[in-house]
Structure formats: C-alpha cells, structure tokens
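Encoded as structure tokens, the structure appears first; notes follow it.
Chains as they are written, first to last, in our numbering: chain A, 1 to 569; chain B, 570 to 1138.
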C-alpha cells in the first residue's frame, strides 16, 4: 500500500487512514500536526494578508466567465463537477482565483481599497488520474491559498516578494531542505511564477540549480546554454542516400556525424476546443538531434498560438501518418498535409546550428551541409528544449546545472489581469477613470507540506517531527509502571512541563519499556524523557529523536533543560 | 436579498458575501468570529473526544454498505453525488457516520480500545431545495461532528450526557437563549436524540415546552395529553344522511356535534424503494376530527412498516381516487383497493374515543354512535398526532405546553448498532467473543450557531457579538484625528491593551466620529472606548454595545477596567 517511507510511517504510527483512492482520514496525532502547522503559517502570513474562507462549491458560471470551465472539466478533467437537484452545474474547487475575484470586486471600489490581500486555509479537490504517495498526491487536500489585488505591477511584485519571504520563513522554521525555483505557470497562467520545493527522492519534480545559489528552476521551465555543437563535418549542401536510418542514432552512424550535427523534425498533433467545437492541428518541431522536447514549454508555446483552449498535444500517431509521410526522414520544409498547414516551430539551440544534416522528405534519404534561410526557411523560433543537468547556466558559464528531485509544496504567481479582466473587476483611479487591477495568487500545500516533512525526516524507526509542529513536544516514558517512584516522578514532571506551557505526553501504559520506546520513536516526538531507576537519584535520561543523542539530567532542572532545547524563552 | 435581520446585518457589516445559492464567502471579521467559536468548542470538547478530520469526498460503496446511498441521493436528494474521471461515484458528505465507523473499525480491536470518542470541525454539504436566511440554511456549512463507540448502552448514555453537558456549557458561555428538546432522529436513525435550539422568531422549528423546565420537545416529536373529548351526543349506532359534508366542519354542522366527536380517516400514499424497484402502498390514518397528523411521526411509523427505503409519503391525490372512493365519507373499515391492502393506523387519542361519528363509506352518509371493536375493527394504534400549545403535558397535568420558534444548532443521537452493524465493526470482549459496539453521534452547526447568535443579538443598529467570539473585544475610536493628544492617547492605550492580551482594534480613519460610531455599532464589537476631548483630562468614555451603557474612566485605569468587564483574570 505505502509507496514511500513517509507514507508507510504515517500509516504505521496511526497518523492517517485511507478511506478511498486519494482520500485520507487524519487521525488525532496528524490533526495536531496540521493544527500546529496551520498556526505557524497563519503567524507568518499575518503581516501579508487577512484571513477569509470561500465556499468549496462554486457556480459553474464563475468558471465559464474566467474561461476555465472547459479546460478544467473537459481538457484536463482535473476538476470535479457536480450537478445540483435543479440541474445546475457546480465546481468542486481545485483553486479559488474566480471566487477571490468575485468577492474582491465587491470589496474594492477605488484605488484607496488597494492593495487587498486575502488568504484562506481549507480543502481543495483534484480528480487526479493517479493518486500516489499517501498525502503527497491526493484527490482532497488542505491548502493555504492567498490572492492579492494591486493598482500597479510594481506593487504586485512587492507583495509577491513579501509572500515569498513568508514561505521562506515557514520552510526554514520547519527545518525543511528546500529550494525556490522558477516555474511554469501552467493552467493558472500569468507572467511569472516561483515554486517552493522540498528536496526528496520521492518528489515528482526535477529541480535544476547551480551551486552558487543564484539559479534554480523546475526542469519544466529551466533554461541553460546547450553544449555547443562541434564543427560540422559537412561543408556542402547535398542529398545522401541513408537506407534504414529513421532514428538519429542510425542516421549519424551512416553519415558519420554526431547527433548535435543533426536537425530532427518531430511531428505533434494538437487538439483544441473553441466553444463546443473540437479542432486539430499538426505541428512540426525542429530541434537538435541531441536534444529533447520539453512538453511543458511546447504546450505553452502551442497554447498561445491556437484559437481556443488547447486540450491535447501528443507526438503524432505513427500508424496514422506512416503511409502519407516519410517518417524518420522529415525535413523542416515538409509540405503541408491535406489536414491543414503545419504550425512550424524551431528550438533556439537548433536555430543556431550551421551545416546541419536533416531529413530529405523522402524515406532513406537525408540532406547534409544545410543552413537555415539558405536551404530551409527558419520556422518561428522558441525555447522548446529540455534543459539538462551538466549543461551550463545562462548567468555564469562556470556554473553547470545540478539536478535534484523535489516535492512542490508552494507555488506563487504574478497573474496580471487574466482573472480580474475576465470577471470584470475594476477600481476607480485618483482621477476617476476605471482600471482593471492586477492580481497575484499564492498557494502552499498544507497536507503536502506535512507529508513532505515526514518523507524528509523519517528514518527506519519511524517519523521525526520538528518540534514546532510535532504532535507533542516531549514524551515521558515510565520504564517500570510497578515502580511507584518512577510513576510519581513522571506524574510530577508531567504536571511541571504542562504548567510551563510545554506540550508533554505521558506514556504510563503497563507495557514493556522496549515497546514504549519503539512507539515513541515511531510517532516521532522530538524529545523523550525516560523515567527509570535513575529517579531514585533524582535523575532521568533525555533522548533527542533526531540525532539519538542521550543525556542524563537532574529532574529538578528538567523543565528548564527541555525549554532551552525547544528554544522557548 | 436578506430575509432576516441577522443576515442583513452580516451582509451590511461585511462579514459575509454570497457567491451562489446557499453558498457564502466568509470575510475577515466572520473568519475571526468562526475561529474564536471553534476554539471555544474545542476547549469544551477536549475532555470528551479527540480531534480528527475526515475526507469530504467518500466512496459511494461506504454509503451503500450503511444503506443510506439511495435514501440520501434518490429519496431526499439531499446529498451531492460526484462521478470521478474513472466513472466511480463519490458522496460529498452531508454527515460522517459511515466514515467514522470505517476509521473506528480499524482503530478498535478489543474492549480495551473502548470507549472511543472522536470529533472534527469541518465542511458539510446539503443539496437544499430552498436555501434561506443567509447562513442559517445553506448548501455548504461548517459543523462540529463527534462520534463515539461503546461496549454497552449504559456507557453510550453516559457519553451522550457528557456531550450534552458540553453543548450546554458552549451555549451558556455564548450567552445564547436556548432549549434542549427531545427530537426526532430522522434519517440519522437511532433510539434517542436531543436537539439544542436557540430561540428566535426566524427559526424553522417549533419547540413545545413547559414552564417548569421539565419538558421540551421539537413539535415534530412532542407528546401531550389531548384535550378530553366532551361526552358524545350519540348513544345509538346508526347511519345518517349528511348531504354535501365532506369536511369535518360541515359534517359537524349537520350532525350537531363537535370535531372531537368525529373520527376522520385520511388517505396517504407511500412510495418506497427496494433494491432498484419502486413500490407504492396506500395508507389509511384514523384520527380525531380536531387533531392533525404529525408528518414526522407518520413517516417514522410507516418507514418501520415497509420493506425497503421509504422515499415519499403524501396525502393521496384526490383527483386520482375521487371516482373509486367516497372521499370525505371514508370509514376506518374502507375495503382494500385493487392496488393492494391498506396499511391501517389509528392515532392514540382517536383510539380512546367512544360513540364517535365517522364516514359511512358512501358519499353523503355518516355513521354516528360508533365504537371501536364493536362497530369497526381497531387498526394498529400509534402516536401520530401533532401536539399543540395549550394541551396538557404528560408529566404534570398542571403544566400546559408553551410554544416558541427555535433554530436547531445541535443534535445528539444514541444510534445503537445501526451503522456499526451495517459496516461490520466488531470488537473482542474480555472473554474473546466478537461483539458489535454501540454508537453515538453528536452534531453542532458552527456557521449556523454564529448566524443564530447574530439573529438573537442584532438590533436596529447592527450586530451585537458576545465578547467571547467577537471579531475584536474592544474598538478604540479617535473622535478627531487632527487632535494629536487624542491620537497619541489612542495609540498608547492600543499598545497597552494588546500587551495585556486584549484583542483591541484602533479606528484611526480620517472620518467623522459619527460614521466611526455607526461602523463600530454595525460590526458589533462589545466595548467601544471613545478618545475625545476628555483625553486632555486623562479620561475616555467606555460604551457597552449591548446595553448602550456609558461610563467615563481614567485612561490609567482603562486596561484594568476592560479586563474586568471581559471577565479576564
């Protein structure tokens, strides 16, 4: 059942129980962890925004106004749609941009009401195709989502940084190993976005970053300088027979060149929805033979160039095209098909290539020594290439890109006027004219953050919570419940810790000490005080869960010792 | 838009905004009120249960196991059903008995794990036919719901009282005007339930209660002694011609008797679902001419006597039956129709009647001087009558029933084994045998409670929150922002109050004092400190929102004064 160590430990330790695919119940210790995490988030956001709460059910009309109903329900199928008893459609919200604008447009009349920043902590729903890894990818989860409205993009940029700073403080206080990375804005849209990722082998995202700390980006978005192509062995433009070489590797072998000398031309098919009508368009992407297409960059590029909502973008079905096209030998100037003209795109690195080889538009033939404009018209150029670890960063040629896996826990966006414009939100400026405010949105996964911490911190004995969100701060374990002195010392210490505002738990179950130690380790309470034979001499053992470090302390000094270790004043 | 004063004030004061039918956004002040209310509820429940959190989306299979899927989706249509991308049905939970058992059955192995009491605070959904009165009846709302599991019904009864005591403390701390009342268990089921109602003219429920405080019940459930029928004027059983008298009033006029001398026989039609098959059954209810049928009592009585899920119960369609039956002249022994035998029921008060008049099963004819068993077989007897204000209570004939309107804010149930049995939850007893635990559930409407308080407390100037959940405890209003002494005194006092842990708000907007006073009244902050010219002499005015009482206090004593009034140590 559990596909990651964190999930396994959360299940074994009784923090969560699965109720259905991607649906989990939070049991008492997890509820405590989440409450403490939410309190920490509220504390750090207090300076940045006011708390509100939006309904999870929302009229479909709102989502139609923003143009997202079709994209979310039909294209991505990521949004649950509900029909009420009167036959009206409702969205079960995966995000709240529409609701935030609908409320903000009633609260904001003039420039004096701006900026407005609001946030909520609550449930979200996504009809995930493949829920996985316990709380990391579920169909129902808790998020903190904030929305801000501004008169100017400079003011938006300031709030974007204020929110980013709050995220940095939150992740740092949690002791997380994290990176902020440039990111793709995806279906949310907007002009710029930044992800907050916690590094973990079970993460679904790849982060490319430099060691100097000046660059980090999701691989979906990352840019780099491609390794320069070595000088081309071809100097003359000519046609060569290359039998049985439909792949880059086989063609290079026959032509005695490297993949970096080749332009490959990949056929895609786009499907898009305009109103109720579905259309398709063939796409031809030219890129260097040693590079691969970044699906997200291509999606965004194509999405901006079709009329309507892009609903699918796939490498063309070879069976369908095999009879009509010279697949494996296509040139950038392949004539348009009967289905309509190609959208022709060329990757930036491919656009810089000289004396390249490419297909000859005829099976078993290639062209060599080709140059753009001279032999083939250069298609529209865009960054379509997947950046890779080992390539050189764009800000400093001495900094190669490094790679790590990450769990996206936060994502913040400068949206611009996409939603405020679509939903007709305006404000009166100082001179009385009407303007559309610019908008930002800021998401932080609460259940995912807790789960990512479980992944980062768990060891083979169980969970290891940071004290700031642990279900309890200290556990007092009585070694021998038949020893009245041990029991009495534990109860006294428990009362003292509680009185000092420390969240202590007393394990006075009549079980063997070993069982109790294992349970405490599994639960991940940061400090364990063991009350054993030492209490006769007024002493007890304190053990730190994370490092396993053990110290013997006088009972009389225990409260102060624990307080110091928890960093409390 | 606003159909009650509380709703009107919540909208005007910027606490809530409507986003769709029965769907509201909570704005910052309402979010503060709800957080404080939730904290108060958590505090009072801490002794009774542990907090958990269940998913709102739940596999339909769980609801089919309990037998409620059809009743909630098809019969009452009160539950939103969602279909995921794989075509599987999910419930959008209106309540969580199924989820609670599904989790509890994994947590409970033996009698040593019992009792188990858990609660959550979260969203619920109901596909209401007619949302109304702002937050009082919505399609999405916040509830506290608790579930408990026990080895014995005595232990369940104890927890039932512990939960009831917590509700009583919560409502009392909020200063609510409330009643605990015997209630119908409705679709939740179970052997006994109690409602907590806040009295309000906008309430949808009627409470019948006695002045001695010993009896209170929802009118749906209330019992009473009917006024005794006066001695019958009929002494001989005979047939009388009564042309054109299909109603009780017209028949009494012709027969020269009172409605209390008559047995009326009312035809109902029940529709019920067994598996996928819908069946109907005609029902004949005999009751005294001066009484009316209690729809809830009848539903429950019929529900227990049909095989399957009762989905509809309506007075028979007169057009359908007018040709085949002597409507208005029916006797208790009306022959069974071709559609199947009647379910025949007689109300308790009607069963005690002697020498009554009733229909003769022939249009324009009645029987008089009739007696049960002698002239008509007595049908199955049940309490089917609507109790009414003015009737005598069953516990003390000197206590007449009084009537009030109430808003149901809480409802607690002793469920028995309905859900634990259906979902196969068992525990091992001390002797190793397997037993089904008995269960209780305990609901408290959080958003509804806040809205009911708004209804009870609002006056013509706005909201009046009790200090314990007010969005702020004190508002400091600067009369003249151009007077530096006033501004300075306000800022100093604000800092002092904050330092003392009092949630103060400073109104330093450059507006006329009258506008600021009106806003403070509208928002309903319990205490207002007015910093005006008096600050020159070191004094300020304190005004209580509820009573309007005003006092002048030395600024130096203000913190202590406010603290005393808030009841803080």
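All C-beta atoms in this analysis are idealised placements derived from N, C-alpha and C, irrespective of residue type, glycine included.
Closer than 9 Å at the beta carbon, the chain A residues around residue i
i                      : result
residue 793 of chain B : The contacting residues do not exist; residue 793 of chain B stays about 36 Å from chain A at best.
residue 708 of chain B : 55, 57, 84, 90
Interface partners of residue i on chain B, CB under 7 Å
i                      : result
residue 24 of chain A  : 624
residue 125 of chain A : 626
residue 20 of chain A  : 627, 628
residue 37 of chain A  : By Cβ distance, chain B contributes nothing, its closest Cβ being about 13 Å from residue 37 of chain A, past 7 Å.
For residue i, the three-state DSSP class (helix, strand or coil)
i                       : result
residue 1028 of chain B : strand
residue 739 of chain B  : helix
residue 790 of chain B  : coil
residue 1158 of chain B : The requested residue 1158 of chain B is not part of the displayed model; chain B covers only 570 to 1138.
residue 395 of chain A  : coil
residue 1048 of chain B : coil
residue 665 of chain B  : coil
residue 473 of chain A  : coil
residue 1115 of chain B : coil
residue 128 of chain A  : coil
residue 234 of chain A  : coil
residue 808 of chain B  : strand
residue 1071 of chain B : coil
residue 215 of chain A  : coil
Partner residues on chain B for residue i, Cβ-Cβ distance less than 9 Å
i                      : result
residue 408 of chain A : None at all; the shortest Cβ gap to chain B is about 22 Å.
residue 28 of chain A  : 619, 620, 621, 687
Proximal residues to residue i (C-beta, below 7 Å), its chain only, five neighbours per side dropped
i                      : result
residue 618 of chain A : Residue 618 of chain A falls outside the range modelled here, since chain A spans only 1 to 569, and no answer is possible.
residue 429 of chain A : 111, 435
residue 132 of chain A : 3
residue 833 of chain B : 817, 856, 858
residue 69 of chain A  : 60, 63
Residue i, buried or exposed, once every other Cβ within 10 Å from all chains shown has been counted against 16
i                       : result
residue 654 of chain B  : exposed
residue 812 of chain B  : exposed
residue 443 of chain A  : buried
residue 719 of chain B  : buried
residue 1090 of chain B : buried
residue 964 of chain B  : exposed
residue 992 of chain B  : buried
residue 138 of chain A  : buried
Closer than 7 Å at the beta carbon, the chain A residues around residue i
i                       : result
residue 1108 of chain B : Chain A residues near residue 1108 of chain B: none, gap ~33 Å exceeds 7 Å.
residue 600 of chain B  : 51, 52, 53
residue 586 of chain B  : 103, 106
Contact list for residue i against chain A, beta-carbon separation under 8 Å
i                      : result
residue 698 of chain B : 85
Same chain, Cβ closer than 8 Å to residue i, five either side skipped, listed in chain order
i                      : result
residue 943 of chain B : 806
residue 828 of chain B : 817, 818, 821, 857, 858, 859
Sequence-distant residues of the same chain with beta carbon closer than 6 Å to residue i, five excluded per side
i                       : result
residue 949 of chain B  : 914
residue 553 of chain A  : 542, 561
residue 516 of chain A  : 477, 507
residue 1069 of chain B : 1128
residue 546 of chain A  : 464
residue 614 of chain A  : Because chain A is modelled from 1 through 569, residue 614 of chain A falls outside the range shown and cannot be assessed.
residue 587 of chain B  : 593
Note down, in chain order, all residues in the segment 63–93 of chain A with a beta-carbon under 7 Å from any beta-carbon belonging to chain B. 77, 80, 82, 84, 85, 92
For the segment 665–680 of chain B, enumerate the residues whose C-beta is nearer than 7 Å to any C-beta of chain A, in chain order. 668, 671, 672, 675
If the cut-off is 8 Å on Cβ atoms, which residues from the segment 510–523 of chain A count as contacting chain D, listed in chain order? Structure shown: chain D not included; protein chains present are A and B.
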